[in-house]
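Some notes on the structure that comes next.
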Amino acid sequence: MNLFTLKHQEGFARAGIIHTPHGEIQTPAFIPVGTQATVKTVTPQELLDTGSQAVLANTYHLYLSPGVETIREYHGFAPFMKWDGPTFTDSGGYQVAFLWTPKEAKERSSQVTITEEGAVFRSHIDGSKHLLTPEKSMEIQDVLSADIIMAFDQPLSQLSTREKQKDAFERTMRWETRSHARWTELQKTREHKQALYGVVQGETDPILRRASLDFVLRLDFPGIAIGGSTIGSDPQITADALDTIVESLPSGKPVHALGLGGGPEGIFEAVKRGVDTFDNTSVTRMARTGLLFLFPEDGGGIHNKFRSDVHKFSPTDMAPISSVCTCMTCKTFSRGYIRHLFVNNELLGGRLASIHNIHYMNTLMEAIRTAILQEKFTHLYDNWLKK
RNA sequence: GCUGAGGUGGUGGAGUGGACAAUCACAACAGACUGUAAAUCUGUCGUCCGAAAGGGCUACGUAGGUUCGAAUCCUACCCUCAGCA
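Residue 470 in my numbering sits at position 358 of the first sequence, with consecutive numbering throughout.
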């Protein structure tokens, strides 16, 4: 069975199915991020209820805690967190390269040393020193046991010099070659095969992006992941980055956008350019800080980035967050009540908001899938992004 | 009524002669939130003018006093709390 079945294409936008040992993913799809084997504040059942099809967890975090041996006992992070569906893991490359909060960027980044062998970094938990290599990332991801895993790469930093970027770009290809080799070995003894995605770097540089994509295609990775800080940073920049390779994306392989943050604007641009799946932390992070997504029917649009701050609701606003949303939160609770929860730092607020935002994103993706199959994606795009 | 403690910005609470428009925290308001070290982070927060630097005005219960200078010292008054009656 192929990993990916293309059902229909409208322009470069495509609707398809990713087949995994743990079920299918109808694409285009939003993949909620469960870094530490939990999509923060929500249970696996709630993930299902909100229409989620898969979960993405992280090599870096789970390697540090609870550790590989613990996860091995559970036969993977999915059984550990009681998620039965398809899963992804990220390679840890991103964390190793960006182990910082923006505020502490300088001091933190100095704690990571990149060598040809791999990345030496210090644990954010206890300060202990670790070496993560492409081989080790594959071995950890083998234990984490996701259906779809990522090659170990070194994301480029826009802050660094051109030479350093070129250096990282070329090293990433060597690391991906090593990732591919180790993955090939490990698959031989696995019952459930894992699909390894090669990571395409290069930001908005057409030469670099195409070289990176050519490389990934040449090694014949089962899937293609698009990385870099230009993905998800801004809808236009995301579009620019994807435009460099959109015409060269193969129809037979799934394309994943790594870290496509933000709201519907960037997602429409990405889907329009052939992205099948993407993970996005802002859906749940914004929920926890009180930013709720709005449908066009609720007044959501480019002007307000499709979002509303819960703190600005009236305390006596009896209406649901959205009049058209069918999530548990909207079917049950009022804006005024959810505002009350946030104002008083009640944990339920973040939970209810997360449920709404995840449901919102999955509803949007379902509408996009349907639209592509009916050749109405352009119409939907215009309808959502009209000014 | 007596004894003791105390009255500071939206709130709690520092400050006990000059560096005070007043530490800090909370609230409020504004903003940010990319492969999640985020239920987090950043900014504003007496008032008026100014883009800013900066300047004016009013303020530490009330009234008066001492002093070059008072939220800080003195006097009187008002009020609050605790204990005793």
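Backbone N, C-alpha and C define an ideal beta-carbon position, used for all residues, glycine too.
- Non-local beta-carbon contacts of arginine 385 in its own chain, meaning distances under 6 Å to residues more than five positions away in sequence, involve Phe124, Leu354 and Val358 in chain order.
- Distance from the CA of aspartate 391 to the CA of serine 164, rounded to the nearest whole angstrom, comes to 12 Å.
- Runs of the alpha helix (DSSP H) lying entirely within the segment 178-204 and spanning at least 4 residues, in chain order: 180-186 and 189-193.
- Residue nearest to phenylalanine 281 within the set Leu256, Lys300, Glu303 and Gln313 is Gln313 (criterion: CA-CA distance).
- Judged by DSSP in its simplified three-state form, glycine 314 adopts coil rather than helix or strand.
- Between threonine 356 and arginine 321, the gap from beta carbon to beta carbon is short of 9 Å.
- Contact check for threonine 350 and alanine 323: beta-carbon distance about 20 Å, past the 8 Å limit, so the pair fails to qualify.
- By the neighbour-count criterion, in which 16 or more other beta carbons inside 10 Å mark a residue as buried, methionine 430 falls on the exposed side.
- No residue range can be given for arginine 302, since it is assigned to no alpha helix (DSSP H) and is classified by DSSP as neither H nor E.
- Beta bridge pairing from DSSP links phenylalanine 116 with Ile130.
- Only exposed fits glutamate 229, as fewer than 16 other CB atoms lie within 10 angstroms of its CB.
- Shown here, methionine 262 sits in a strand according to DSSP, grouped into three states.
- Taking C-beta atoms as the reference points, serine 466 and lysine 152 count as a pair closer than 9 Å.
- The beta-carbon separation of valine 311 and alanine 263, rounded to 5 Å, stays under the 8 Å limit for a contact.
- In the structure shown, glutamate 122 falls within a strand segment according to DSSP collapsed to helix, strand and coil.
- The beta carbons of leucine 485 and lysine 119 sit about 7 Å from each other, so the pair counts as a contact at 8 Å.
- Residue range 459-485 is occupied by the alpha helix (DSSP H) that includes arginine 463.
- As the crow flies, the alpha-carbon of proline 267 is around 34 Å from that of aspartate 161.
- When the beta-carbon positions are compared, aspartate 410 and isoleucine 433 come within less than 9 Å of each other.
- By the Cβ criterion, the segment 337-345 is in contact with the segment 361-369, since at least three pairs of Cβ atoms, one from each stretch, lie closer than 8 Å.
- Considered as a whole, the segment 407-457 harbours 440-444 and 447-455 as its complete alpha helix (DSSP H) runs of no fewer than 4 residues, in chain order.
- Judged by pairs of C-beta atoms under 8 Å, the segment 168-179 does not touch the segment 413-426, as fewer than three such pairs exist.
- Annotated three-state conformation of phenylalanine 489 is helix, per DSSP.
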